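Since the structure comes first, as structure tokens, the remarks are kept for the end.
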Amino acid sequence: MSPATTAPPATESPMPADRNTPSDQENVPLLLQGDRFEDTFRQSSVDYQRRFRAQLRTLPSHLPEPALVAFTSAHDAEIDRLSLELGLQGYPLYRIDADDCADHRLVLDPDAGTMCIDGLLVRPELLWIRHFMPNAIMVNGSAVVSRYIRDQWTAVLEIVREWPTTHINPPASRRASRLAQLRQAAALGIRVPDTVLASSAEEAAAALTCPPTELIAKVAGDHFVQHEPGQVTGVFPRRVPAAASATEPVPLLFQRYVPHDREVRVFNVGDELLAYEVRKSDPRDVWAQPEAVAVTAVDVPDRLAEPVTTLLGCTRYAFSGFDFLITPDGTPVFLECNANGDWAWFERGAGDDRVSRAALHYFTTHPALSPTAVRDFRG
């Protein structure tokens, strides 16, 4: 699994000399200039329960099976592992991947509070919307047909967001933009980088009263451009080069660089907090040069526990990942919250599985779920 299949920290690393200052890319957006990171996301499911669902089910067909239901994508490594481990203990997980959703059947009955997924009746006691991206939907048809299918699945996803059940992370909180997250944190007394949304580095620098070269540029939206289903190009945070004066075709987030010693990702699984320290020299190393990135499992620093707990009180997330810089004097600076709480990349880098084990415990002890499926079926 490539590092692009999960979400590493939204970092702001030390400011080395810019690796890419091409003079022939003046009309290319800043975050697409220079060497590009491109990857292919897996589009075929390896999910254990999805593959063997009919054999695992024990309830009669007319009875809805209470279950965790996930809307995500085929390359979601966290759900792959969780599905296997829950399935081996008899806890059902139903999954709809964006990649091939056009080939599967779905009935939503709001009055009954049930979903019928490929003919199997389910009561979604817990609903987890993760990496369900309409751009990932594989469609065979004309441009009009493709747009129709993707647009309508976008509308279906909005209906799912409104479904009257327990959502792993409240949909309203998930909609908070990066800028809204920063404003919320600042209002709670948590330090954040000086930030502005602007169409050029020059305008951002004027607003923040600093030279453009002291700025980090980030997208306001997703860090991956999925120009074709499964084909992605990274648009990652980067230092603003001295030559960057062009107006961007879309406003970017510009942040004043914050001197720091390290970066820390803090996961919450329910009330449990788990931390990883990340050290690297360039924001893009996480994806472009993963071998240059050091990830270490650490205890949650004392000065981080309070701001994370404070933020969780507002978001009410059951699973999430908070990215912080730690300044030389130990002050945490909040960058953003990853509402999906992706953890596989961190565990792989640190050589541990603390978050995976905590996730399994969270669901197997959740009062809304029970082991109704076959426990020992292994295909």
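Residues 1 to 379 (the UniProt record's numbering) are what the sequence shown spells out, left to right.
Here a beta-carbon is modelled for each residue, glycine too, at the ideal position from N, C-alpha and C.
As the structure is a computational prediction, the values presented were derived from the model and not from experiment.
For the alpha helix (DSSP H) that residue i lies in, which residues bound it at each end?
i      : result
Ala180 : 178–187
Pro193 : Element bounds for Pro193: n/a, residue is neither H nor E.
Arg303 : 302–315
Let me confirm a value: residue i is counted as buried when at least 16 other C-beta atoms fall within 10 Å, else exposed. Which label applies?
i           : result
Leu127      : buried
Tyr148      : exposed
Ala198      : buried
Asn338      : buried
Ser23       : For Ser23, the predicted model reports a pLDDT of 46, less than 50, meaning its position is unreliable; a value from the coordinates is still stated below. Ser23 is exposed by the Cβ-count criterion.
Gly330      : exposed
Gly341      : buried
Thr21       : Residue confidence is low: Thr21 scores 44 on pLDDT, short of 50, so the model does not pin down where it sits. Its coordinate-derived value is still stated next. Thr21 comes out exposed.
Thr201      : The sequence as given places Ala at residue 201; Thr does not occur at that position. Ala201 comes out buried.
residue 384 : The displayed coordinates of the chain run from 1 to 379. Any statement about residue 384 would go beyond what the structure contains.
Glu263      : buried
Gly349      : buried
Asp323      : buried
Val250      : exposed
Ala54       : exposed
Pro241      : buried
Thr195      : buried
Val144      : exposed
Gly221      : exposed
Asn268      : buried
Val107      : exposed
Glu347      : buried
Ala244      : buried
Ala359      : buried
Asp47       : buried
Arg302      : The sequence given here has Asp at residue 302, not Arg. So Asp302 ends up on the exposed side.
Pro307      : buried
Asp80       : buried
In terms of residues, what are the limits of the beta strand (DSSP E) holding residue i?
i      : result
Glu162 : That residue, Glu162, is in no beta strand (DSSP E); it is neither H nor E in DSSP.
Thr296 : 294–298
Phe132 : Unbroken run through Phe132: none, as it is neither H nor E.
For residue i, name the three-state secondary structure that DSSP assigns.
i      : result
Phe37  : coil
Ser370 : coil
His361 : helix
Thr327 : coil
Val28  : coil
Ser200 : coil
Val355 : helix
Cys337 : strand
Thr21  : Confidence is the limiting factor: at Thr21 the pLDDT is only 44, short of 50, which leaves the residue's position unreliable and the question unanswerable from this model.
Trp343 : coil
Ser173 : helix
Arg42  : coil
Val144 : helix
Val139 : coil
Of the residues the options, which one's Cα is nearest the Cα of residue i?
i      : options                        : result
Glu78  : Gln89, Arg95, Pro64            : Arg95
Leu335 : Arg265, Thr114, Ser61          : Arg265
Ser320 : Pro212, Asn169, Gln184, Ala368 : Asn169
Ala112 : Asp103, Val122, Arg105         : Val122
Tyr276 : Val235, Arg354, Leu215, Ile216 : Arg354
Thr213 : Glu203, Val219, Gly221         : Glu203
Pro171 : Glu158, Leu93, Pro211, Thr296  : Glu158
Thr72  : Met133, Leu312, Ala344         : Met133
Arg279 : Gly270, Asp261, Val269, Glu272 : Asp261
Ala176 : Cys314, Ala54, Val145          : Cys314
Pro124 : Cys116, Pro66, Lys218          : Pro66
Asp151 : Ala74, Leu179, Leu208, Asn135  : Asn135
Val374 : Arg256, Pro251, Tyr91          : Tyr91
Pro229 : Ala54, Tyr48, Ala74            : Ala74
Pro164 : Ala246, Pro110, Glu85          : Pro110
Val219 : Phe254, Thr114, His227, Ala70  : Phe254
His223 : Val156, Arg81, Cys210, Leu252  : Leu252
Glu38  : Tyr257, Val235, Thr372, Ala246 : Val235
Val156 : Gly189, Leu208, Ala98, Ala318  : Ala98
Leu208 : Arg256, Val232, Leu88          : Arg256
Val258 : Asn27, Arg81, Glu272, Thr327   : Thr327
Gly189 : Leu304, Pro64, Thr365, Asp352  : Leu304
Whole beta strand (DSSP E) elements within the region 205–284, 3-residue minimum: You should have 215–218, 224–228, 231–234, 252–256, 262–269, 272–279.
3 or more residues per run - each beta strand (DSSP E) lying fully within the region 87–119: 93–97, 106–109, 114–117
Beta strand (DSSP E) segments (min. 3 residues) lying fully within the region 52–91: 65–72
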